[in-house]
Structure formats: structure tokens, C-alpha cells
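Counting from 1, position 230 in the sequence shown corresponds to residue 231 in our numbering; the numbering is continuous, with no gaps. From the three backbone atoms N, C-alpha and C, an ideal C-beta is built for every residue, glycine too. This structure is a prediction, so every number in the text was calculated from the model and none was measured.
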Amino acid sequence: MESLQERFIKHIVEYKGIKEDSVRSIAQESANFSEFKNNLIKYNIVNEEDILLILSKEYQMPYLDLDKYRLNKDNKNLLPQEIAFRYKVLPISKIGDVLTVATANPLDIIVLDDLKVAAPFKKIDLVLAREDRIMKCLHSLYTDTDIVSLLEEEQEEEVSVEAKGVEEGKGLESLVKESKLPPIVRVVDLIVYEGLRKGASDIHIEPTEKDLEVRYRIDGVLQHGISLPKKNESAVLARLKIMSSLNITEFRIPQDGRFKVKFEGRHIDFRVSSLPTQFGEKIVLRILDRESLSVGIKNLGFSEKPLKLFEKALAAPFGIILVTGPTGSGKSTTLYSIINQLNTPDKSIITIEDPVEYQIEGITQIQARPDIGLNFASALRSVLRQSPDIIMVGEIRDAETADIAIKASLTGELIFSTLHTNNSVGAITRLIDMGIEPFLVASSLIAATAQRLVRKLCPKCKIKEKATPLLIKRLGINNKVKEIYHPKGCSYCISSGYRGRTALLEILLFDDTIREMITKGASEDDIVRYAEKKNIFSSLKEDGFKKVIDGVTSVEEVLRVAG
């Protein structure tokens with residue numbers, strides 16, 4: 002009789018049209034069927050949904066698309082929360098003594114036994130669903146709170162909001178009055194408090210057709226918070242706009258504001274952005290905790306090699322250091338940490354930002370105001386007349402700003418800025434595409450970096466697995482590595498397997514040869530190959546896999562953010 006793995010291989014070959022030899026090579030490198038499935042996903046042979054559809058066919062189990070499933074809030078009474086999260090199962094329905102649950106792992110017999118003990122049902126029926134969708138539904142089912150109980154619940158920690166009001170004589174007196182009612186004030190304070198308690202980086206408050214959804218971004222991933230009734234939407238949004246000094250009579254255009262809260266004895270800034278949408282105004286609160294800023298780059302979690310290259314770049318007396326990466330990759334945090342490190346009484350430091358996110362004592366900070374003509378370029382011209390030692394430009398967005406920054410660096414200033422490119426060497430091409438002459442780019446740049454944020458493995462539940470020869474070969478890591486950590490999931494990390502984030506850093510130092518290569522129009526690949534030989538380049542993957550070996554993060558996380 003054929004084993005499950007043999008039947009599974011045939012299904013994959015038939016279902017995906019993949020060569021059987023490729024699938025069997027992965028099977029041979031896998032210690033068991035569970036590892037075989039994980040490796041198939043890891044090497045992009047199949048995805049989780051493919052595996053579930055194959056299992057559905059093999060075991061004649063229905064597959065449930067939870068994106069189209071309407072969650073019944075009463076189902077949380079069918080299973081204890083701890084059991085549901087521990088085994089990653091979602092209660093779907095109860096008919097008589099039969100409980101139906103959704104699972105992504107129907108082969109775990111222990112789960113079925115424990116479910117029968119935890120819930121008084123004679124029979125447990127299984128349906129298949131994606132694990133990430135199950136977890137999303139579990140968070141919605143067990144953490145979503147009814148608005149009435151939310152208002153009645155005693156708040157554990159007092160949140161004191163320092164808010165500036167707005168003029169009320171604009172025809173919206175009733176809305177302003179409603180927004181100041183104790184229940185509305187309490188709900189908004191609880192939304193803010195939950196974000197701080199959970200360690201969220203931002204809070205998304207999104208109107209939908211039927212309600213007002215609140216979601217929290219934790220470790221870079223949005224998680225469902227609570228759903229508020231549609232009838233309270235206007236008052237809740239008005240309360241937030243009043244706190245942020247926004248115009249509550251304006252619903253048609255985006256607005257930006259900020260407010261402060263006092264939480265656990267420290268002041269925390271919130272940057273607020275409103276955006277008109279189909280069903281109302283969406284408001285995002287970005288949480289800016291000044292105490293979380295590092296003093297110096299040694300506290301940012303960079304690996305040894307990129308850190309040494311970065312410190313070498315910072316020793317330069319003048320020139321430009323660029324930090325690149327997508328939005329939310331930690332560029333601002335890195336720049337602020339560098340500025341904190343260089344902030345000594347003998348140096349004059351000026352920053353031009355849009356907006357000013359953190360206020361730092363001892364540094365002159367300028368808020369760019371493009372609406373009145375104070376953009377990065379015009380502000381930078383004026384700053385140069387102040388003869389500073391160090392300048393931080395929030396972002397090089399255009400050729401004018403780039404030209405001024407480069408010429409300033411050539412006359413003795415040390416300049417830091419950000420640029421939107423995918424990698425460090427791409428900064429060269431981006432500046433040249435802006436119209437900057439290659440010889441100016443070559444003569445001004447000290448270093449270019451690229452940055453990404455990865456989730457850290459939960460220290461309480463991460464598990465070791467054997468590092469197979471195939472994995473070692475594919476990742477290009479040291480053959481001496483015997484074991485690699487992987488995520489599991491527990492109550493401490495809310496079953497995600499991850500807790501907190503750290504930065505991956507790619508850095509390219511510029512020497513005379515690279516400057517000559519830029520002037521002669523060398524390709525990005527040629528520059529990287531030369532820099533690798535000279536050991537003045539460290540890639541995102543190199544930094545990422547070092548953190549995998551050290552047990553800080555997982556292979557999956559590195560591949561997710563670094564490709």
C-alpha cells in the first residue's frame with residue numbers, strides 16, 4: 002500500500018504539473034511528512050492553499066475559504082480560547098453533539114483527542130482552511146469586544162490625553178457635543194491604550210459599509226482589534242480629529258495632525274493622518290515613542306560585518322550617506338539613532354524633515370512646508386548659510402534637492418538622507434536618473450545602505466529543526482550549521498511564532514575604484530561583484546542568514562523581506 006507521502010507526490014505532480022524528480026529530491030531531504038510539506042512551501046513548489054486542496058482530495062474533507070466565511074460571534078463559546086489558539090483551530094458550527102472546526106493540520110490526531118476533552122462533544126468534524134486565515138478569524142472571534150462591555154469595562158491604566166481643541170462654531174455643534182460624551186471619549190482612549198499595551202506601531206481606524214473597524218499593526222503585521230457600530234463612527238472620528246487639531250468640518254481632503262498621551266509615566270507622540278474613502282474618513286495613528294529611539298547604531302541590532310562598515314562610513318568628515326528602503330523599513334529610526342550618536346556640544350546639527358517625527362534636544366529641526374514654498378531644496382539652501390557641521394535631509398525627492406545636497410557635501414558638510422530604492426547600489430542609478438552627473442555622484446557618496454525589518458522569533462516557543470543539505474545549499478550558508486530555528490506559536494506571541502522586530506542592513510562603501518567605475522558607467526552588478534571581493538559590501542540576505550544562524554529570525558522571514 003502506498004504511503005501518504007507517495008500519494009501526495011503524485012497529487013502534486015498531477016495538480017501542479019511539476020517534474021516528479023524535483024518533488025522527490027525535496028522528499029528525500031525531509032525527515033518526515035510535516036517537514037516535507039514545509040519544504041515544499043519554503044522552496045515555492047506549492048503554497049499552503051495547494052497543500053490543503055490536495056489533502057482535501059486525499060481525505061475527502063471539505064476545504065473552506067475563510068475569506069468568504071461570515072464569522073458567528075457566538076462560536077467563541079464552543080471552544081476555550083486557550084485551546085483554539087494552542088491548536089490553531091476555529092469553531093465553525095455545532096449541530097447536536099457534533100462540533101465542526103477548521104484546521105490546517107488534519108493529520109494531528111492529538112489535537113482531536115484534546116478537543117474532545119476540552120469540549121463536551123461526542124464527535125469532532127474537520128474542515129480544511131489556511132492557517133493564516135484561521136488565526137485572523139480567531140483574533141476577531143476571541144478579541145473582538147462588544148461596544149457595551151467595552152464601555153463598562155474598567156480601564157486598567159489611566160491614559161491622559163493632551164489635546165488641542167478646534168473652533169466649534171462651524172455648524173457641527175451637535176457632533177462636537179457628541180464627541181465629548183463620556184462613552185465616546187472612553188472608547189477612543191481605550192483604542193489608544195490597547196495600541197500602546199500591545200506594542201503596536203500604528204492604529205488603523207477604517208470605516209466600512211457596516212461598521213468602523215479598528216486594526217493594530219504589531220511587528221509589521223496588521224491584526225484585528227475591535228469593530229464599532231456604524232452609528233458611532235462620526236463621533237469617534239470627530240473625537241480623534243479634535244484631539245489632533247484637525248478641522249472636523251473638512252471631510253473631502255486628507256489632513257495631518259498630532260497629539261500626545263501620557264502612558265506608564267512617559268509621553269508618547271501620535272502622528273495622525275486622515276484620508277477620505279468611499280465609506281467615510283480613514284484615520285491612521287502612528288505611534289512615536291521617543292524612549293524607543295536608540296542612541297547610536299550599535300543598539301539597532303545590525304550584525305557585526307555591516308555594523309563595522311557603517312561605523313567606518315560615519316568616520317568620514319564630509320560627504321553623503323544614504324539610507325534606502327521602502328516605507329516602514331526603519332530608515333527614520335536609523336537616521337535618528339545616528340544623529341543621536343553624533344549629537345555632541347561641539348557640533349552644529351540641523352535637520353529638514355516632513356514631518357518632524359521626534360523632537361531631539363540639542364538639534365535644530367525644521368519642518369518642511371511645501372504649501373508655502375519651504376520644501377527640502379529651499380530649506381537646504383537656507384540651512385547652508387548657517388554653516389552647520391551635519392545636515393539630515395528627510396528625503397531626496399528631486400534633482401534640485403539632490404544637486405544642492407551633493408554640492409554641499411563637496412564643500413565640507415556631512416549629509417544624511419533617505420532615498421526610495423530597492424537596494425544600496427540602486428542609489429547610484431537613482432541619482433543619475435534624476436539628472437545628477439556621474440562624476441558628482443561618485444565624488445560625493447561615502448556609503449549607501451538598504452534596510453528591511455524582519456520579525457524576531459518568539460524566545461519562548463521557537464523550535465530547532467535539522468538544517469538539511471538541500472536547505473544549506475539553496476541558502477548558501479555554512480555547511481557547519483546543523484540546526485536552524487523555526488516559529489511555532491504560543492500565548493506569549495499570540496500564536497504567531499514571532500515577537501518584536503529587528504533590522505537587516507545592506508551596506509556598500511565607496512572607494513576610489515568604485516568612484517571610477519561610476520564615472521565610466523559600470524553596471525550595478527559589476528560594482529557589487531567588485532565590492533564583494535574587496536569586502537566593502539554586505540547584502541540583506543547575508544545579514545539575514547547570519548541572524549537565522551544565530552536564532553534571531555527564520556529563513557521564511559528573511560526570504561519574505563529580502564526576496
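Closest Cα partner of residue i within the set the options
i: Val90; options: Gln368, Asp98, Leu79; result: Leu79
i: Arg456; options: Asn536, Thr469, Ala563; result: Ala563
i: Ile515; options: Phe271, Leu446, Val357, Asp190; result: Leu446
i: Ile96; options: Asp126, Lys74, Glu83; result: Asp126
i: Leu471; options: Cys462, Lys483, Ile464; result: Lys483
i: Tyr70; options: Lys43, Gln224, Glu305, Ile135; result: Ile135
i: Leu505; options: Ile364, Lys408, Thr335; result: Thr335
i: Met435; options: Ala448, Leu420, Glu533; result: Leu420
i: Ala316; options: Ile416, Val285, Arg370, Val99; result: Ile416
i: Ser31; options: Thr412, Glu466, Cys138; result: Glu466
i: Lys232; options: Leu213, Arg198, Ala409, Arg240; result: Leu213
i: Pro500; options: Ser555, Lys534, Ile407, Ile528; result: The amino acid at residue 500 is misidentified as Pro; the sequence shows Arg. For the residues Ser555, Lys534, Ile407, Ile528, the minimum Cα distance to Arg500 belongs to Ser555.
i: Leu191; options: Phe440, Leu411, Leu441, Ser228; result: Ser228
i: Leu375; options: Glu354, Gln360, Glu362, Ala406; result: Glu354
i: Gln6; options: Phe37, Glu15, Ser23; result: Phe37
i: Ala449; options: Tyr493, Ile537, His487; result: Ile537
i: His225; options: Ala85, Asp203, Arg240; result: Asp203
i: Pro255; options: Arg240, Ser275, Leu241, Asp513; result: Ser275
i: Gly363; options: Val99, Thr345, Arg240, Asp526; result: Thr345
Beta-carbon gap between residue i and residue j smaller than 9 Å
i: Cys459; j: Ser497; result: yes
i: Gln342; j: Ile288; result: no
i: Lys261; j: Ile269; result: yes
i: Val112; j: Tyr143; result: no
i: Pro389; j: Ile340; result: no
i: Asp290; j: Arg272; result: no
i: Thr325; j: Thr422; result: yes
i: Ser245; j: Arg267; result: no
i: Pro107; j: Leu41; result: no
i: Leu441; j: Asp399; result: no
i: Leu247; j: Gly281; result: no
i: Ile206; j: Lys283; result: yes
i: Ile243; j: Ser180; result: yes
i: Asp566; j: Pro307; result: Residue 566 lies beyond the residue range present for the chain, which begins at 2 and ends at 564; the question has no answer from this structure.
i: Glu50; j: His12; result: no
i: Gly302; j: Val14; result: no
i: Asn81; j: Leu129; result: The question names Asn, but residue 81 is Pro in the sequence shown. Cβ distance not < 9 Å, so Pro81 and Leu129 don't count as in contact.
i: Ile508; j: Phe311; result: yes
i: Ala428; j: Leu323; result: yes
i: Ala236; j: Tyr217; result: no
Where the beta strand (DSSP E) containing residue i begins and where it ends
i: Arg398; result: Element bounds for Arg398: n/a, residue is neither H nor E.
i: Glu282; result: 281-289
i: Gln368; result: 365-368
i: Phe260; result: 256-264
Opposing strand residues paired with residue i [DSSP bridges]
i: Pro63; result: Looking at the DSSP assignment, Pro63 forms no beta bridge with any residue, so it has no partner.
i: Met393; result: Thr352, Phe417
i: Pro230; result: Asp212
i: Glu207; result: Glu214
i: Val222; result: Ile219
i: Leu446; result: Ile321
i: Phe538; result: Leu509
Extent of the continuous alpha helix (DSSP H) to which residue i belongs
i: Gly427; result: 427-434
i: Ser274; result: First-last for Ser274: 267-278, but that is the beta strand (DSSP E), not the alpha helix (DSSP H).
i: Leu323; result: Element bounds for Leu323: not the alpha helix (DSSP H) but the beta strand (DSSP E), 320-325.
i: Thr334; result: 332-343
i: Arg185; result: Per the sequence shown, the amino acid found at residue 185 is Ile instead of Arg. Residues 183-199.
i: Gly545; result: 541-550
i: Lys43; result: 34-43
i: Leu310; result: 305-315
i: Tyr531; result: 525-534
i: Leu560; result: 556-563
i: Asp22; result: 21-29
i: Ser379; result: 377-385
CB contact below 9 Å: residue i versus chain D
i: Ile84; result: Looking at the structure shown, chain D is missing, and only one protein chain is on hand.
(request) Would you list, in sequence order, the uninterrupted beta strand (DSSP E) runs of no fewer than 3 residues that lie entirely inside the stretch 76-136? (result) Contiguous beta strand (DSSP E) elements confined to the stretch 76-136 occur at 91-96, 99-104, 124-129, taking only those with 3 or more residues.
(request) With a floor of 4 residues, list each alpha helix (DSSP H) that falls wholly inside the stretch 449-520, ordered by position along the chain. (result) Taken in chain order, the unbroken stretches of alpha helix (DSSP H) that lie wholly in the stretch 449-520 and span 4 residues or more are 470-476, 513-520.
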